[in-house]
Amino acid sequence: PAVLADEFSARRLAAVWEWPVEDKPQFALSEGRLQLTARPDQGGAVLGRPTLAANYEATTTLLNPAALPAGTTAGLAALGDPNNSLSLLAGDGKLRIQERRAGQNKVLAETILPTTPALYLRLQAQGGNRYRFAWSSDGRTWTDMQPAAETADGSFLPPWDRGVRVGVMAQGPAPATAAFERFELRNQ
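First residue of the sequence shown: 1185, per the numbering used here; consecutive thereafter.
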């Protein structure tokens, strides 16, 4: 199917969600929300979905991003392996595009975290290795994180079992959790 969506309304996480075999994250589903417990190491806790095309768009909703504990970030990511990812993360009063390459983090773009109870996040992949990121406070009107002609280079992302996944991420101290509503992946 071209569009894959998860409302997180089931009792169990759908079997299509994946994570690095050695790093199963802690998570829970409740009332249409995915609660993902943060990790301070290995690039954070991640849950990913396989992509089925070189061009795709993924969206999710991060609830109460301003309430994340200090030192905790959460958001949407293109995942290569625990040491390599491109992500749009909210936390510590900021919203940033983060490149994690060979275990080293680098901020590619940053803005002040919007004050909204629900932050919609969008990742668009072009050609399998060029990425654009945007956010919205209502899920309809999007604000790009990069200038119009600019993309983040994801050619460094090693294939995790021969394919980049896209999904949700939470980084920070282990007792911290991030709450997500709805995840959608549109393969084009």
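Each residue gets a CB set at the ideal place from its N, CA and C atoms; glycine is no exception.
With the cut-off set at 8 Å, would you say residue i and residue j are in Cβ contact?
i: residue 1258; j: residue 1242; result: no
i: residue 1279; j: residue 1297; result: yes
i: residue 1340; j: residue 1330; result: no
i: residue 1210; j: residue 1198; result: no
i: residue 1231; j: residue 1351; result: yes
i: residue 1218; j: residue 1364; result: yes
i: residue 1186; j: residue 1370; result: yes
i: residue 1191; j: residue 1227; result: no
i: residue 1204; j: residue 1264; result: no
i: residue 1285; j: residue 1313; result: no
i: residue 1256; j: residue 1302; result: no
Which class does residue i belong to by DSSP, given the choice of helix, strand or coil?
i: residue 1250; result: helix
i: residue 1214; result: strand
i: residue 1354; result: strand
i: residue 1200; result: coil
i: residue 1195; result: coil
i: residue 1190; result: strand
i: residue 1230; result: strand
i: residue 1361; result: strand
i: residue 1219; result: strand
i: residue 1206; result: coil
i: residue 1369; result: strand
i: residue 1238; result: coil
Would you mind working out which of the options sits nearest residue i, comparing C-alpha positions?
i: residue 1234; options: 1255, 1201 and 1205; result: 1201
i: residue 1359; options: 1311, 1197, 1198 and 1252; result: 1252
i: residue 1305; options: 1266, 1247 and 1267; result: 1247
i: residue 1212; options: 1206, 1204, 1193 and 1227; result: 1193
i: residue 1354; options: 1204, 1189, 1284 and 1221; result: 1221
i: residue 1299; options: 1290, 1277, 1216 and 1255; result: 1277
i: residue 1282; options: 1311, 1315 and 1310; result: 1315
i: residue 1237; options: 1310, 1254 and 1322; result: 1310
i: residue 1287; options: 1225, 1196, 1333 and 1195; result: 1225
i: residue 1426; options: 1301, 1368 and 1292; result: Only positions 1185 to 1372 of the chain appear in this structure, which leaves residue 1426 out of reach.
i: residue 1362; options: 1239, 1254, 1195 and 1196; result: 1254
i: residue 1261; options: 1239, 1308 and 1223; result: 1308
i: residue 1289; options: 1272, 1357 and 1195; result: 1272
i: residue 1223; options: 1266, 1249 and 1244; result: 1266
i: residue 1321; options: 1239, 1250 and 1214; result: 1250
i: residue 1196; options: 1357, 1295, 1214 and 1294; result: 1214
i: residue 1368; options: 1240, 1356, 1357 and 1295; result: 1240
May I have a chain-ordered list of the beta strand (DSSP E) segments no shorter than 3 residues that lie completely inside the segment 1255 to 1340? 1257 to 1265, 1268 to 1275, 1278 to 1285, 1288 to 1296, 1302 to 1310 and 1314 to 1320
Is the segment 1321 to 1337 touching the segment 1345 to 1354 in the sense that three or more CB pairs, one from each, lie closer than 8 Å? no
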